[in-house]
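In my numbering, the protein residues as written are -6 to 300. Glycine included, every Cβ here is placed at the ideal spot set by N, Cα and C.
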Ligand code: BDR
Ligand code: CA
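What follows is the structure, given as structure tokens:
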């Protein structure tokens, strides 16, 4: 792996089984200086995603990373209910300790603004694992602060693949299509990782057993989380690891192939709400379309299993 300098990141997330694995990967990777975790309603309501962020940090004994609660729902529509996939607690019933500290605030947009305004412009990357509501609100309400974001890497969308919530729509974008449109159009340095790539990064039952056998807390929890994901969905010998791809691309971009596409978002109300189309009137976004699956899985499992 090429050596990358430490990068300061904010994780914007709705944990969520695969969000939890992604956050653990970030916490176990010395390349990341995690400045804070902002939460968003998505996989489950905001109180639970916020508490889950604290529980995941507690597993790693991290009380130095603030959790700031964000949007309670999409900009202008009703949220989805995904308890069938992520469980009633959002983490598939997997045991995590209680948070070590209460959330540091409940206004993620204000915290993002202040944090960006007081850091060097361009020095902070946002790793976005859920609906893009918080970032869209930052763009709308504090455009000068949003321009100070170094980069956004977001999991979302399906470009040439079928969707996972509608025929052509993926959960994170479909949960708040208006937010995605605002963020894509904001002129930020943006990399999107759609289902086209995340469906190629898959964990098997052998992988989850291997993770659990390490005895290392982050690996044991990740194995149990992915096993819970197996239980919630039927069929298939493996499960896609969507959100960890964001951290993996930030760690080693050479393992992914990206292309700049002009993307527009369906903001209608049909089952295709949130679907992406490649068209000349769309916003330019760098989109990951290829991945070296075996190499990214190796990197993920090594990091989670390191003592
Ligand atoms: C995305 O939707 C959520 O359910 C997952 O956490 C991931 O961010 C995959 O479509
Ligand atoms: Ca997520």
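| task | Let me know the secondary structure DSSP gives residue -5 once reduced to three states. | result | Low confidence applies to residue -5: its pLDDT is 45, below 50, so where it sits in the model is not reliable, and the reading given next is rough at best. It is coil, neither helix nor strand.
| If you compare alpha carbons, which of 0, 22, 3 is closest to residue 295? | When each option's Cα is compared against that of residue 295, the closest is 22.
| Alpha carbon to alpha carbon, how far is residue 110 from residue 103? | Near 11 Å, if we compare the C-alpha coordinates of residue 103 and residue 110.
| query | Which residues bound the beta strand (DSSP E) around residue 241? | reply | Per DSSP, residue 241 belongs to no beta strand (DSSP E); it is in the alpha helix (DSSP H), 237 to 244.
| task | With hydrogens ignored, establish whether the beta-carbon of residue 184 is closer than 7 Å to any heavy atom of ligand 2. | result | No, Cβ of residue 184 sits at least 7 Å from all heavy atoms of ligand 2.
| Among 25, 213, 256, 87, the one whose alpha carbon lies nearest that of residue 8 | Ranked by how close their Cα comes to the Cα of residue 8, the residues 25, 213, 256, 87 have 87 in first place.
| task | Could you tell me which uninterrupted beta strand (DSSP E) segments, each at least 3 residues in length, are contained entirely in the stretch 157 to 190, listed from first to last along the chain? | result | Within the stretch 157 to 190, the complete beta strand (DSSP E) runs of at least 3 residues are 183 to 186.
| field | Cut-off 7 Å between Cβ atoms - residues of its own chain near residue 131, not counting five sequence neighbours on either side | value | Take residue 131, set aside five residues on each side of it, and the residues of its chain with a beta-carbon closer than 7 Å to its own are 102, 105, 106, 138, 139, in chain order.
| task | Specify, as a first and last residue, the run of the alpha helix (DSSP H) that residue 340 falls within. | result | The first residue shown for the chain is -6 and the last is 300, placing residue 340 beyond what the model contains.
| task | Determine the contact status of residue 204 and residue 298, defining contact as a CB-CB distance below 8 Å. | result | Cβ distance < 8 Å, so residue 204 and residue 298 count as in contact.
| field | DSSP state of residue 198 mapped onto helix, strand, coil | value | Residue 198: helix per DSSP, three-state reduction.
| message | Using only the alpha-carbon positions, how far apart do residue 253 and residue 189 sit? | response | In this model, residue 253 and residue 189 are separated by some 15 Å (Cα to Cα).
| residue 216, DSSP secondary structure in three states | In the structure shown, residue 216 sits in a helix (DSSP, three-state: H, G or I).
| request: Work out the CA separation of residue 49 and residue 221 for me, nearest whole Å. | output: If you take the alpha carbons of residue 221 and residue 49, they lie about 16 Å apart.
| said: Between the alpha carbons of residue 258 and residue 199, how many angstroms are there, rounded? | reply: The alpha-carbon separation between residue 258 and residue 199 amounts to approximately 38 Å.
| said: Let me check one thing: in DSSP terms, what residues is residue 252 bridge-paired to? | reply: Looking at the DSSP assignment, residue 252 forms a beta bridge with 280.
| task | Give the range of the alpha helix (DSSP H) segment to which residue 131 is assigned. | result | Here the alpha helix (DSSP H) through residue 131 covers 126 to 134.
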